[in-house]
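Residue numbers (the working numbering): 464 to 569.
Backbone N, C-alpha and C define an ideal beta-carbon position, used for all residues, glycine too.
Since the structure is predicted, the reported quantities are computational estimates derived from the model, not experimental observations.
Structure record follows, encoded as structure tokens.
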Amino acid sequence: MILIREKIEEKLRAAFEPVHLEVINESYRHNVPAGSESHFKVVIVSDKFAGERFLNRHRAIYGVLSEELAGEVHALALHTYTVKEWESLQDTLPDSPSCRGAGTLA
Numbered sequence: 464m465i466l467i468r469e470k471i472e473e474k475l476r477a478a479f480e481p482v483h484l485e486v487i488n489e490s491y492r493h494n495v496p497a498g499s500e501s502h503f504k505v506v507i508v509s510d511k512f513a514g515e516r517f518l519n520r521h522r523a524i525y526g527v528l529s530e531e532l533a534g535e536v537h538a539l540a541l542h543t544y545t546v547k548e549w550e551s552l553q554d555t556l557p558d559s560p561s562c563r564g565a566g567t568l569a
């Protein structure tokens, strides 16, 4: 059985040819059953984002992941960078905000 995280990663690699990609399942930080795959953080670095505003980058990703977003994925935090932008951040990974009602269901 292929994990949702793996499907997201595969689709983003094919569409954006990233030099850096992290797809992090953050479902455990939310009020969902243990083992859920519903909340993700994506950090993606691709030269295909050059000249594109963040809104257009996000729209492109939403288009690639439309099937997942229409189904299992409830939340997707996107951090999209060009190689130059990423280098200026010195490879730091942005923190995700805390979720109200964080934790898992019993």
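query	result
For Y544, write down the residues that DSSP places opposite it in a beta bridge.	V508
Does the Cβ of F517 have 16 or more other Cβ atoms within 10 Å, making it buried, or fewer, making it exposed?	exposed
Taking 7 Å as the limit between beta carbons, can you name the residues of its chain near N519, skipping five residues before and five after?	none
Opposite L539 in the DSSP bridges: which residues?	F503
Restricting to Cα atoms, I'd like to know which of N488, K511, G514 is closest to H537.	N488
Tell me which residues share the same chain as K511 and place their Cβ nearer than 6 Å to its Cβ, disregarding the 5 neighbours each side in the sequence.	F479
Could you pull the start and end residues of the beta strand (DSSP E) that E480 belongs to?	E480 -> no beta strand (DSSP E), and no H or E assigned at all.
In whole angstroms, give me the CA-to-CA distance for A477 and G534.	21 Å
Following the continuous alpha helix (DSSP H) through I524, name the residue where it begins and the one where it ends.	517-527
Closest to I467 by CA distance: which of V482, H502, H483 is it?	H502
Spell out the partners DSSP gives I487 in its beta bridges.	K504
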